[in-house]
């Protein structure tokens with residue numbers, strides 16, 4: 197069975213893009229959240245193997261969501277998704293417990309490389 201992924205991004209288009217890459221490569225997308233607050237609730241419910249987390253979102257940003265998820269599950273595997281120029285926030289996310297990051301627009305090879313690294 198494919199690894200279970202929760203996709204978190206406030207842009208439906210970005211969720212669709214990453215979902216497309218993942219499902220084509222044998223991953224099972226178990227949920228999609230449009231902000232960090234929803235992501236935390238879905239994480240508790242779905243217990244995915246890995247989370248792709250956007251950084252800038254309304255209500256609760258990705259960094260806060262990483263902290264909240266890691267408080268629930270210290271072993272949580274979270275990959276940050278950032279636009280160019282968000283290096284400082286990416287560093288903050290890594291310090292908060294994210295395992296890797298991918299840059300938008302998503303490159304299939306890089307997305308899969310990050311997932312393989314985090315899940316191995």
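Residue numbers (our numbering): 197 to 316.
Just so you know, even glycine gets a beta-carbon here, dropped at the ideal spot from N, CA and C.
(request) Provide the residue span of the alpha helix (DSSP H) that contains residue 198, from first to last. (result) Here residue 198 belongs to no alpha helix (DSSP H), and DSSP marks it neither H nor E.
(request) Report the rounded CA-to-CA distance for residue 224 versus residue 312, giving the unit in angstroms. (result) 14 Å
(message) Give me the residue from 240, 272, 282 with the minimum Cα distance to residue 250.
(response) 282
(message) Three or more C-beta pairs under 8 Å: does that hold for the stretch 286-293 against the stretch 260-272?
(response) yes
(request) Report the rounded CA-to-CA distance for residue 232 versus residue 202, giving the unit in angstroms. (result) 12 Å
(request) Using the DSSP secondary-structure output, state which residues sit across from residue 247 in a beta bridge. (result) 202, 274
(message) Between 287, 211, 209, 217, which has its C-alpha nearest residue 305's C-alpha?
(response) 217
(request) Apply the 10 Å Cβ neighbour rule to residue 228 and answer buried if 16 or more other Cβ atoms are within range, or exposed otherwise. (result) buried
(message) Tell me the DSSP secondary structure of residue 294 in three-state form.
(response) coil
(message) Between residue 311 and chain B, is the shortest Cβ-Cβ distance under 8 Å, so that the two count as touching?
(response) Among the chains of the structure shown, chain B does not appear; only one protein chain is present.
(request) From the DSSP output, in three-state form, read off residue 260 for me. (result) helix
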